[in-house]
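Everything on this sheet refers to the single structure shown next.
Residue numbers (the numbering used here): 5 to 220.
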């Protein structure tokens, strides 16, 4: 039976990447159909916020404790903070990076970890130092492999990579959610931890993940 839309309505948002806008709409609580558009506001997806959301999503998908998820969220916020310390020439460069520029980029985990000084954050500092490591040993700065890399760092690696792929970059167009997930799956076991990738892909498809709206 078709919905007569006589139930209560709720506010919702729809992200329009091409226009960098959020549509503010009313939806029917009974069926979820849009019933009216209330307006539009300028909005551009912030990779920093997306990394935190994805890291939390993975943590919940892996059944981690709320306390540990909170610390992973903090790590996610810090692990990309060092990006602001890179020069604008590197951040905005459309062509390939030089050897010297890559050397600066590879210092990002070290720069981010240095932002945490309290001994109570030693565990998070270690995760950040390791989030560019790879299961196949081809990461940096230590060339760790497999389970030598803390689980939390493996979570941050997937969250950071996904946010980077679906975000605008000077040298390429953003990927959509499905394409980014396919790339994560393709690189599972080499660049990314297989269990972490699977947890993310599964969790992202749940109705309450909100990820499709954020990255669509």
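The beta-carbon is built from N, C-alpha and C at its ideal position, and this holds for glycine as well. Everything numeric in this text was worked out from a predicted model, so none of it was measured.
Bounding residues of the alpha helix (DSSP H) (the contiguous stretch that carries residue i)
i: residue 106; result: 103 to 109
i: residue 126; result: 126 to 134
i: residue 112; result: 112 to 117
i: residue 183; result: 181 to 190
6 Å Cβ shell around residue i - same chain, five flanking residues per side excluded
i: residue 38; result: 29 and 31
Reduced DSSP secondary structure (H/G/I, E/B, other) of residue i
i: residue 10; result: coil
i: residue 221; result: Shown here, the chain extends from 5 to 220; a query on residue 221 therefore has no answer.
i: residue 67; result: coil
i: residue 156; result: helix
Residue of the options minimising C-alpha distance to residue i
i: residue 76; options: 179, 169, 161 and 173; result: 161
i: residue 169; options: 67, 100 and 184; result: 184
i: residue 251; options: 57, 197 and 107; result: The structure shown does not extend to residue 251, since the chain is modelled only from 5 to 220, so the question has no answer here.
i: residue 54; options: 166, 202 and 173; result: 166
i: residue 67; options: 186, 156 and 172; result: 156
i: residue 206; options: 193, 195 and 189; result: 189
i: residue 288; options: 14, 41 and 33; result: Past the boundaries of the shown model lies residue 288; the chain is included only from 5 to 220, so the question cannot be answered.
C-alpha gap between residue i and residue j, whole angstroms
i: residue 71; j: residue 153; result: 20 Å
i: residue 63; j: residue 43; result: 35 Å
i: residue 223; j: residue 135; result: It is not possible to answer for residue 223, since the shown part of the chain is limited to 5 through 220.
i: residue 79; j: residue 209; result: 24 Å
i: residue 199; j: residue 105; result: 32 Å
i: residue 7; j: residue 36; result: 10 Å
i: residue 85; j: residue 116; result: 6 Å
Cutoff 8 Å; reference residue i; Cβ partners in own chain excluding five residues on either side
i: residue 178; result: 21, 169, 170, 171 and 172
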